[in-house]
Amino acid sequence: MIVEVKKPKLQDGKAQLRSYCNATGAPIAVWTNGQQISHYHRRDPNYFEDITDIPNADQTLADILNERFTLKDLILKDKLTTEHKSLKDVILELEDEVLANAGVDVFEEVFKLIFTKLYDEFKSQEDKMFINRLLRHKINTVVQETDQAYDVEHPDYEVLKKAVEEIPDDDFRAMEFRNTGQTDSQLKTKIQRLFDDARDRWRGVFPEHSAFELSDSHLSVCVSSLQDIKLFNSNLQVVDEAFEYLVSKSAKGEKGQYFTPRHVIDMCVKMLNPQPGEYMIDTAAGSCGFPVHTIFKLTGTLFTNAEIPAADKENVLKVFGIDFDEKTVRVARTLNLIAGDGETNVLHLNTLDYERWDDSTEKNSRWGRTYGAGFDRLKALRIEQDENKLFGFDILMANPPFAGDIKESRILHQYNLTFKQNGKAHTKVGRDILFIERNLDFLKPGGRMAIVLPQGRFNNTSDKYVREFIAERARILAIVSLHGNTFKPHTGTKTSVLFVQKWNDDPSVGPLCRKVDNYAVFLAVSEKGGKDNSGDYVFLENSDGQHKLDKNGHLIVDHDLHNHNEELPDGIAEAFIEWAKHEELSFWEVT
Numbered sequence: 114m115i116v117e118v119k120k121p122k123l124q125d126g127k128a129q130l131r132s133y134c135n136a137t138g139a140p141i142a143v144w145t146n147g148q149q150i151s152h153y154h155r156r157d158p159n160y161f162e163d164i165t166d167i168p169n170a171d172q173t174l175a176d177i178l179n180e181r182f183t184l185k186d187l188i189l190k191d192k193l194t195t196e197h198k199s200l201k202d203v204i205l206e207l208e209d210e211v212l213a214n215a216g217v218d219v220f221e222e223v224f225k226l227i228f229t230k231l232y233d234e235f236k237s238q239e240d241k242m243f244i245n246r247l248l249r250h251k252i253n254t255v256v257q258e259t260d261q262a263y264d265v266e267h268p269d270y271e272v273l274k275k276a277v278e279e280i281p282d283d284d285f286r287a288m289e290f291r292n293t294g295q296t297d298s299q300l301k302t303k304i305q306r307l308f309d310d311a312r313d314r315w316r317g318v319f320p321e322h323s324a325f326e327l328s329d330s331h332l333s334v335c336v337s338s339l340q341d342i343k344l345f346n347s348n349l350q351v352v353d354e355a356f357e358y359l360v361s362k363s364a365k366g367e368k369g370q371y372f373t374p375r376h377v378i379d380m381c382v383k384m385l386n387p388q389p390g391e392y393m394i395d396t397a398a399g400s401c402g403f404p405v406h407t408i409f410k411l412t413g414t415l416f417t418n419a420e421i422p423a424a425d426k427e428n429v430l431k432v433f434g435i436d437f438d439e440k441t442v443r444v445a446r447t448l449n450l451i452a453g454d455g456e457t458n459v460l461h462l463n464t465l466d467y468e469r470w471d472d473s474t475e476k477n478s479r480w481g482r483t484y485g486a487g488f489d490r491l492k493a494l495r496i497e498q499d500e501n502k503l504f505g506f507d508i509l510m511a512n513p514p515f516a517g518d519i520k521e522s523r524i525l526h527q528y529n530l531t532f533k534q535n536g537k538a539h540t541k542v543g544r545d546i547l548f549i550e551r552n553l554d555f556l557k558p559g560g561r562m563a564i565v566l567p568q569g570r571f572n573n574t575s576d577k578y579v580r581e582f583i584a585e586r587a588r589i590l591a592i593v594s595l596h597g598n599t600f601k602p603h604t605g606t607k608t609s610v611l612f613v614q615k616w617n618d619d620p621s622v623g624p625l626c627r628k629v630d631n632y633a634v635f636l637a638v639s640e641k642g643g644k645d646n647s648g649d650y651v652f653l654e655n656s657d658g659q660h661k662l663d664k665n666g667h668l669i670v671d672h673d674l675h676n677h678n679e680e681l682p683d684g685i686a687e688a689f690i691e692w693a694k695h696e697e698l699s700f701w702e703v704t
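The opening position of the sequence shown corresponds to residue 114 in the numbering used here, with each subsequent residue numbered one higher.
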């Protein structure tokens with residue numbers, strides 16, 4: 114066995130470690146920088162597979178590979194918490210080691226792997242519920258033994274970990290997404306069968322009869338690298354960061370559209386306060402962050418493998434997402450299907466070209482099989498029976514693409530903002546400007562919206578007509594100026610979130626928002642963006658300089674947008690809520 118030791122924060126040396134193993138024939142390798150540790154089994158000079166640990170004095174390598182592994186083990190050995198690795202880091206390593214030269218579509222193969230891994234964890238949902246029940250009973254005993262302060266809603270992660278260690282798992286299901294020492298061919302057969310089951314359970318993401326294109330040996334390495342990562346957790350950041358990287362390789366950012374950081378999403382959801390029975394849509398859904406976190410708010414269920422109560426599924430069917438990018442829609446549907454426990458209204462449509470929705474859907478039978486049920490639910494919210502222009506949504510949240518102008522006259526003539534005051538049409542209009550008008554058309558009277566926009570729309574003299582258009586149709590509730598690092602490393606464009614509520618004097622058609630000339634507006638500037646100048650996340654630290662973990666064992670992004678379930682000081686969202694109650698806004702009435 115060879116051990117490579119590096120200084121803290123250094124990430125190099127793994128290639129050097131492998132060369133030492135190849136030269137000496139050592140079958141086991143360990144790499145560590147004092148903060149992270151990786152264990153490898155050298156199968157041949159080309160492939161090193163991750164293993165969970167090194168054998169002790171009484172074990173062989175086969176014992177390690179063949180150990181029974183349950184959800185409890187996954188919780189305790191999760192690399193995201195024990196090594197503070199990210200899923201993106203693991204994918205980058207896989208690209209360097211096997212994927213770059215595997216002759217396959219990296220997005221498709223990694224997507225299949227993550228999809229299958231999620232399903233394996235999903236199948237252990239009964240074990241997850243058992244663990245949660247026992248934790249409530251065990252935690253007080255553990256606290257007394259360790260003499261630690263205990264907050265039932267925000268327990269210390271180490272307290273939770275100790276409680277999990279004591280839970281018996283003899284009757285737990287054995288995880289299947291694991292390399293247990295069988296031949297590569299046998300492993301591929303097992304993983305393909307698991308993928309087939311996942312594809313049938315969560316339909317509309319992969320075509321029927323789709324299969325892994327990776328070779329047997331390449332798949333074996335990939336499974337070993339991913340098997341000790343727990344994908345289900347309290348929010349979507351773990352999976353989302355990886356998908357953002359994969360989709361960006363397919364030029365997602367060419368239209369100036371980037372996945373929205375989760376702390377920005379949570380701020381918007383918290384401020385707009387969606388309620389059971391309300392309809393919500395994201396018209397530029399990306400990975401579906403706004404819809405999924407709205408589901409979290411409505412159901413009280415986070416991104417876990419726990420089942421959603423039957424009574425809450427009705428609310429899931431009132432949440433919608435639309436996106437034009439096919440790969441992104443498939444990612445979004447996966448996350449939405451899981452968060453919604455098998456239900457989804459995520460649709461592959463061009464939001465801006467609504468006049469052609471019916472044409473494209475009627476001519477494409479495969480589209481109809483995949484998206485037809487959700488599209489029927491969307492059409493049920495149309496104001497006019499045969500028109501896709503006006504809808505009756507209560508809430509809209511979106512981060513539309515910034516870059517690029519729309520020049521196609523057929524699309525431009527569908528929008529009022531295309532025309533100048535003299536009646537002549539602009540030959541091109543910014544994509545995000547058209548989204549502003551389109552989004553307002555989706556809202557019912559009294560409906561509310563949060564939309565991420567480039568800062569220039571709020572300041573540029575040339576955009577005055579856009580601001581006047583908004584003010585004529587809606588009350589400007591708030592403008593939150595986001596930190597300049599928020600969307601780095603993808604773009605340094607300065608952005609703000611605009612919150613509005615459509616004017617409405619008639620309580621029979623929607624919440625009241627009586628039109629007035631003078632009213633207060635909530636203004637805020639974020640001074641902590643949660644990222645550094647390179648676009649890397651900045652995490653909250655304890656007084657001793659160590660990263661603080663939330664109750665799920667995950668790092669806490671250090672920002673000022675909201676209080677992260679009271680792990681952070683009150684932020685902009687909490688200040689807005691107090692202001693909204695004082696202003697007696699319809700969706701924040703004091704009860």
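The beta carbon of each residue, even a glycine, is placed where N, CA and C say it ideally should be.
Being a predicted model, the structure only gives us computed values, none of them experimental.
Where residue i sits in the DSSP three-state scheme
i	result
Cys381	helix
His705	Residue 705 lies beyond the residue range present for the chain, which begins at 114 and ends at 704; the question has no answer from this structure.
Val634	coil
Phe319	coil
Val670	strand
Lys365	Only weak support exists for where Lys365 lies, its pLDDT of 46 falling under 50; the value from the coordinates is given anyway. It is helical.
Met114	coil
His596	coil
Lys127	helix
Asp518	strand
Lys644	strand
Phe571	helix
Lys225	helix
Met288	coil
Glu654	strand
Ile60	Residue coverage of the chain in this structure runs from 114 to 704, which leaves residue 60 outside it and unanswerable.
His152	strand
Ala591	strand
Ile244	helix
Val542	strand
Thr183	strand
His331	helix
His376	helix
Nearest-angstrom Cβ-Cβ length linking residue i and residue j, presumed shorter than 8 Å
i	j	result
Lys410	Val429	So it is not a contact: roughly 12 Å between Cβ atoms.
Arg286	Ser237	5 Å
Leu344	Ile227	7 Å
Gly317	Thr483	4 Å
His672	Gly643	4 Å
Pro546	Leu530	According to the sequence shown, residue 546 is Ile rather than Pro. Correct: roughly 6 Å between the Cβ atoms.
Lys557	Asp507	6 Å
Leu636	Ile690	Their Cβ separation, rounded to whole angstroms, is 15 Å, which puts Leu636 and Ile690 out of contact at 8 Å.
Val336	Ile304	6 Å
Ala686	Leu674	6 Å
Val444	Ser400	5 Å
Ser596	Lys641	According to the sequence provided, residue 596 is His. The question's Ser does not apply to it. Indeed they touch by this definition, with Cβ atoms about 7 Å apart.
Extent of the continuous alpha helix (DSSP H) to which residue i belongs
i	result
Leu525	Ser522 to Leu525
Leu193	Lys192 to Thr195
Lys727	With the chain covering only 114 through 704, there is no way to say anything about residue 727.
Val203	Leu200 to Glu210
Gln340	Counting along the chain, Gln340 falls outside any alpha helix (DSSP H), and DSSP gives it neither H nor E.
Leu611	Run containing Leu611: none in the alpha helix (DSSP H); it sits in the beta strand (DSSP E), Thr608 to Lys615.
Thr145	Run containing Thr145: none in the alpha helix (DSSP H); it sits in the beta strand (DSSP E), Ile141 to Thr145.
Asp297	Asp297 to Arg314
Bounding residues of the beta strand (DSSP E) (the contiguous stretch that carries residue i)
i	result
Lys557	Leu556 to Pro567
Asp163	Tyr160 to Asp163
Ala486	From DSSP, Ala486 is part of no beta strand (DSSP E) but of the alpha helix (DSSP H) over Ser478 to Lys492.
Asp507	Phe506 to Ala511
Residue i beta carbon near the ligand GTP (any heavy atom closer than 7 Å)
i	result
Ala136	Ligands in the displayed structure: none, and consequently the ligand GTP is not present.
Kindly provide the ranges of any beta strand (DSSP E) runs that are 3 or more residues long and lie completely inside the segment 396 to 476, ordered along the chain. 432 to 436 and 459 to 461
Given 8 Å as the limit, is there contact between the segment 503 to 520 and the segment 389 to 399, that is, 3 or more CB pairs closer than that? yes
Specify whether the segment 615 to 622 and the segment 571 to 584 touch according to this definition: at least 3 beta carbon pairs, one from each stretch, less than 8 Å apart. no
contact_flag[the segment 322 to 331, the segment 212 to 221] where n(CB pairs < 8 Å) is 3 or more: yes
Looking at C-beta atoms only, is the number of pairs between the segment 483 to 493 and the segment 446 to 466 that lie closer than 8 Å three or more? yes
Inspect the CB distances between the segment 308 to 317 and the segment 160 to 176 and report whether three or more fall short of 8 Å. no
Do the segment 434 to 453 and the segment 279 to 295 make contact, defined as three or more Cβ pairs closer than 8 Å? no
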